[in-house]
Every structure is written in structure tokens, then in C-alpha cells.
Amino acid sequence: MTDTPTQLFIGGAWVDAADGATLPVDDPATGEIIAHVADAGPKDARLAEDAAVGAQDGWARTAPRARSEILRRAYEIIIDRTDELAHLMTAEMGKPLAEARGEVAYAAEFFRWFSEEAVRIDGSAGILPDGRNRMLLSRRPVGPCLLITPWNFPLAMGTRKIGPAIAAGCTMILKPAPQTPLSSLALAAILKEAGLPDGVLNVVPTSRAGEVGEPLLRGGRVRKLSFTGSTQVGRLLLAQCADTVVRTSMELGGNAPFVVFEDADLDKAVDGAMVAKMRNMGEACTAANRFFVHRSVAEEFGRRLAERMGALVVGPGTRDGVDVGPLIDVKGRAKVEELVADAVERGAQVLVGGRTPQGPGCFYPPTVLADVDPESRLMDTEIFGPVAAILTFEDEDEVVRRANDTPWGLVGYLFTEGLDRALRVSERLEVGMVGLNTGLVSNPAAPFGGVKQSGLGREGGRVGIDEFLEYQYLAVPVQ
Ligand code: NAD
1 MTDTPTQLFI
11 GGAWVDAADG
21 ATLPVDDPAT
31 GEIIAHVADA
41 GPKDARLAED
51 AAVGAQDGWA
61 RTAPRARSEI
71 LRRAYEIIID
81 RTDELAHLMT
91 AEMGKPLAEA
101 RGEVAYAAEF
111 FRWFSEEAVR
121 IDGSAGILPD
131 GRNRMLLSRR
141 PVGPCLLITP
151 WNFPLAMGTR
161 KIGPAIAAGC
171 TMILKPAPQT
181 PLSSLALAAI
191 LKEAGLPDGV
201 LNVVPTSRAG
211 EVGEPLLRGG
221 RVRKLSFTGS
231 TQVGRLLLAQ
241 CADTVVRTSM
251 ELGGNAPFVV
261 FEDADLDKAV
271 DGAMVAKMRN
281 MGEACTAANR
291 FFVHRSVAEE
301 FGRRLAERMG
311 ALVVGPGTRD
321 GVDVGPLIDV
331 KGRAKVEELV
341 ADAVERGAQV
351 LVGGRTPQGP
361 GCFYPPTVLA
371 DVDPESRLMD
381 TEIFGPVAAI
391 LTFEDEDEVV
401 RRANDTPWGL
411 VGYLFTEGLD
421 RALRVSERLE
431 VGMVGLNTGL
441 VSNPAAPFGG
451 VKQSGLGREG
461 GRVGIDEFLE
471 YQYLAVPVQ
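The sequence shown runs 1 to 479 under UniProt numbering.
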């Protein structure tokens, strides 16, 4: 966007960092710097906290309908500006424009969904079993929240948290990923335009995440952390939250199994694999990381998947006809290269891709590896790139055991035409979400989240707002 803000957003005003620091934002397709954004330090974090804490009381008392209408207006503005927002996202993150437009729609939908939930926050009243007391149960906002988001879905990871926080009546400090602050700043401008009162949302991009986050979490005034990012950082933040018993929602990493049984419809399985693997260039927590394919269909599945992956066009996300953009940065690409090299050293066959192209930009080709050794590092590491690693299995018990043999449990994908098997295996998978004969589970109306080290709590769906609400029980004697 031509007029995208690049300053911090604190108390409804656009301001520079107190120490004047800025951080560069680059385009991963070219490596060129596209903006310098104010780089918040601890002083700015304190100001943002003051603003959020100061606004909390009044905001909690606004009419739910007023909060709902702000979200609805913001939804409409985002949809109207789809193209501008998509270009901004592609510039700072790299995904092809078509995918960026898809993310804008997905992101906006969280606002529409939670505008509808804001007016349905209810409580209950009743007589307790002893007959002597009444119970009035009401719900109230948890209080000022710190929201920390990753770079892979720069807009949607923000709206997935901001939507329910606004609906519930919480104020916020948003700390976006340093690679992709522009989408969050554009979102703040849209919410201001939609009528969000000053101080309710504050945005502090920073290259000094620890210095900004830790005092907020240990300080006692922030009452809730909603974090999306890696399990490693999530663990660190959980420890920081322990001091003042900050409530947490943690959307962490995944290591999704993608299981193709011998009775699967292979057309559906390959279509599903293309989505589960290639959405966002494989840079998604929901990305299929381990393909377990029944021995009897593995060769055919690998051949067809390699054909489809090999036909994808790699290039800058802004170019027409491009299916696969660059990875986020050189570090991200180096990790993918190392994981592929390790698998190949252990005997994996490269069916397609596997070679880093020359030239500028962080590009990596769609890659399919067959006969992957189960001890390969990519089996217990999020690949976060366009690499499908295929292993084979013989029977159901074996594949369930292997699919569950990981500390993560975000999502699993199953391909089978047998209803009994589909239900039986889904129930045995240790994951928060299952895609049955589909490679896409994300939807604002469904509860998103994982088990084990993939996180705590759920985002979206009817339950998404619960993460931002507390119960209060009022005891009243029956006179
Ligand atoms: P990351 O954990 O490195 O960073 C996430 C966010 O945490 C960023 O904003 C970063 O600046 C911040 N951060 C890092 N160190 C911090 C600290 N000490 N204190 C406070 N904040 C800190 O993850 P990433 O590379 O940005 O994103 C990729 C990860 O996110 C992957 O593991 C992916 O699976 C996960 N993810 C999960 C979901 C989900 O819903 N489960 C969705 C998208 C991404």
C-alpha cells in the first residue's frame, strides 16, 4: 500500500521508537529492502502496556454491539482492499499473489465470525442443589493481552487473535514477526478507521523480541498471552508466564502425518497432498511433514505427486502464473537444504526437485523424496519448505504408532475410502485436527489447535472467544 504506516501504533497514535531505532523489511524474492519500520524497545513496550491497561476498563464496558460493529466494518474494509493488502503481504513475505488474496479473505473472515460472536457472550442463572443459594454466572474479558504472531500468515495470524479479543472486550499489544510487520501495521490502520478506540490495540514491531516480551509477561499487568510460533519459543514464553500466572493460548509447531491407505482414491490423495504440502510453499504449521503411504500404492502415489510438483512454476509471487514463491529468508532455505541433504545421504531417492536454483531470492524447488529413512532428520523437524518425504507402511496399527511417534500433535491427514477405518484411525491419532480425504482443515468457524507440544487452547470457532473470557460466579442466597 502506498501509504502503509511504518511507525509504532501506541494509544491510537503513530510514533517512532523512543530510541529512534528502525528495522529493515525485505522482499524475499529479491533480497531488496522495501521499508524501514520503527523498531520498538522496552520503553515503547511500556508505553504500549500503559495504553492497553489504561483503555481496558472503558473498553470492557462498551456495548457488545459496538464491538461487533467495529469488527464488521473492519471486515468490509479489508475485503474492499484485498488487492492492496495482498500486494503488501507478497512484498514482505513472498507468497504468490493468488495465495495472498486467499489469506486476505481468510483473515477478514475471522473479523466477520467474531463480530457475530461478540453479541452472543452469555452467562446463566440458577438455583444451586442445596436450594438455599442462587448462582449467577457471567463472563468478563480476561484483561490486557499480549499477542505474538509469526511471519508465515502475516494477516490471518493477527486477525485470528485480534477478532476474539475485540469481541470479548480485551485490549491488546500486538508484536508481529520482524520479517512481516507491514501487514500488522496496515491492519491497525484499518481498525482505527473502523472506529476502534485509542489504546485498545497497540502494535510494536521489534527486532528485540525478548527485551519487549519478557517485561510484559513478568510485569503482572498483562493478563493473557496468545502466541503463535515455534514450540521452542513457546516453551520459553510459558516459563515467563509462570511468574505472574498469565493465562496462555499457544499455537505451536506441527509435524503432520499424511497417511494414504491402500483403499484410498489416489486422485483425492494427490490433490490433498498438493494442498497439505504446497499451501504457503510448505511454510505452514499444518503442512504435511511425513507422508506414510501403503507399500502397495507408494510408487504410483510418488510418481503422480512428483509429476504435479514438478509442473509448478517457481518465481516471484508478483509474477503472473507463479505457483510457488520464495522461502522467507536465507536461514529458512538453508534449513530445508540441510534436511534434504541429510535424507539423501541416508538413501532417499529424489523424484523431483532437490536442487537450489542460482540467482537472487530465497527460492527452493518443489521436491519429492521417496524411500526416506525413518531416522532422517526431517522426520522429527518441521521442514517448513516445499519438500514431500515419502515412507511406506504395511498395516494400520503400524502406521498409527509411527504417526503418533512425535512430540507434536497439531493435524493429521487420512486418505481412505473405508468409513470404519477413517473413524477408527482418526480417533487413534494424537492430533487436534484431522483432514479426512482433504488437505485443508483451516476455517475460521472451526476450532484450530493441537495437542501435545503443538499447543494449548483453540483459535476460531465458537470456542475461540472463550480464550479471552473469564467466568465470574456470583453467589446470592435465596431469601
Ligand atoms: P518463532 O517462534 O521463531 O517466532 C514467532 C514469534 O515469536 C515472532 O513474532 C518472534 O519475533 C517471536 N519471538 C521469538 N523469540 C521471542 C522471545 N524470546 N520473546 C518474545 N517473542 C519472541 O516462529 P516463526 O519462525 O516466526 O514461525 C514459524 C513457527 O510458527 C513454526 O514452528 C510454525 O509451526 C508455527 N506456527 C504455528 C501455527 C499454529 O497455529 N499452530 C500457525 C503458524 C505458524
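Quick reminder that beta carbons are idealized off the backbone N, C-alpha and C, glycines included. Fair warning: this is a prediction, and the values are worked out from it, not measured in the lab.
By the Cβ test, the segment 116 to 125 is not in contact with the segment 445 to 459, since fewer than three Cβ pairs between them sit closer than 8 Å. Closer than 7 Å to some heavy atom of the ligand NAD: that describes the Cβ of residue 228.
Using a Cβ-Cβ distance cut-off of 8 Å, the segment 366 to 381 and the segment 331 to 350 are in contact, since at least three pairs of beta carbons, one from each stretch, lie closer than that value. In the structure shown, residue 38 falls within a strand segment according to DSSP collapsed to helix, strand and coil. Minimum Cα-Cα distance from residue 102 among the listed residues 280, 74 and 57 corresponds to 280. Between the alpha carbons of residue 416 and residue 45 lies a distance of about 50 Å. Across the structure, residue 153 and residue 100 are spaced so that their CA atoms are roughly 9 Å apart.
Contact check for residue 430 and residue 451: beta-carbon distance about 6 Å, within the 8 Å limit, so the pair qualifies. Secondary structure at residue 151: coil, using DSSP grouped into helix, strand and coil. Distances from the CB of residue 314 to the heavy atoms of the ligand NAD are all 7 Å or more. Shortest Cα-Cα distance from residue 115 to any of 146, 133, 162 and 23 involves 162. Under the 10 Å beta carbon count, residue 244 is surrounded by fewer than 16 other beta carbons and is classified as exposed.
Distances from the CB of residue 292 to the heavy atoms of the ligand NAD are all 7 Å or more.
Taking the Cα positions, residue 57 is about 13 Å away from residue 63. Taken through DSSP and simplified to helix, strand or coil, residue 236 comes out as helix. Take residue 463, set aside five residues on each side of it, and the residues of its chain with a beta-carbon closer than 6 Å to its own are 447, in chain order.
Between the alpha carbons of residue 388 and residue 321 lies a gap of roughly 22 Å. Of all alpha-carbon atoms in 48, 139, 3 and 74, the one lying nearest the alpha-carbon of residue 474 is that of 139.
For residue 386, no pairing in a beta bridge is given by DSSP. In this structure, the CA atom of residue 356 is about 5 Å from the CA atom of residue 364.
In this structure residue 158 touches residue 184 by the C-beta definition: roughly 5 Å separates them, less than 8 Å.
A straight line joining the alpha-carbon of residue 461 with that of residue 327 spans about 30 Å. Proximity of the segment 68 to 76 to the segment 135 to 149 falls short of the contact definition, fewer than three beta-carbon pairs being nearer than 8 Å. For residue 294, the closest C-alpha among the options 441, 285, 262 and 19 is that of 262. Every unbroken stretch of the alpha helix (DSSP H) spanning 4 or more residues and falling wholly within the segment 117 to 200 is given here in chain order: 156 to 168 and 181 to 193.
Look at residue 362: its beta carbon is at least 7 Å from all of the heavy atoms in the ligand NAD. Using a cutoff of 7 Å, the CB of residue 426 does not count as near the ligand NAD, since none of the ligand's heavy atoms is closer than that.
Residues 411 and 441 of the same chain have their beta carbon placed closer than 6 Å to that of residue 433, with the five preceding and five following residues left out of the count. If the five residues before and after residue 187 are omitted, its C-beta is found closer than 6 Å to the C-beta atoms of 158, all from its own chain and listed in chain order. Going by beta carbons, residue 413 and residue 227 fall outside the 8 Å limit.
Residue burial is scored here from C-beta neighbours: residue 331 has fewer than 16 other C-beta atoms within 10 angstroms and is therefore classed as exposed. The Cβ atoms of residue 324 and residue 314 sit closer than 8 Å to each other.
By the Cβ-count criterion, residue 179 is buried, with 16 or more other Cβ atoms from all chains shown falling within 10 Å of its own Cβ.
Residue environment: residue 190 is assigned as buried (16 or more neighbouring CB atoms within 10 Å of its CB, all protein chains considered). With respect to the 8 Å criterion, residue 55 and residue 271 are not classified as neighbours on the basis of their beta carbons. Taken in chain order, the complete beta strand (DSSP E) segments of 3 residues or longer contained in the segment 281 to 329 are 288 to 294.
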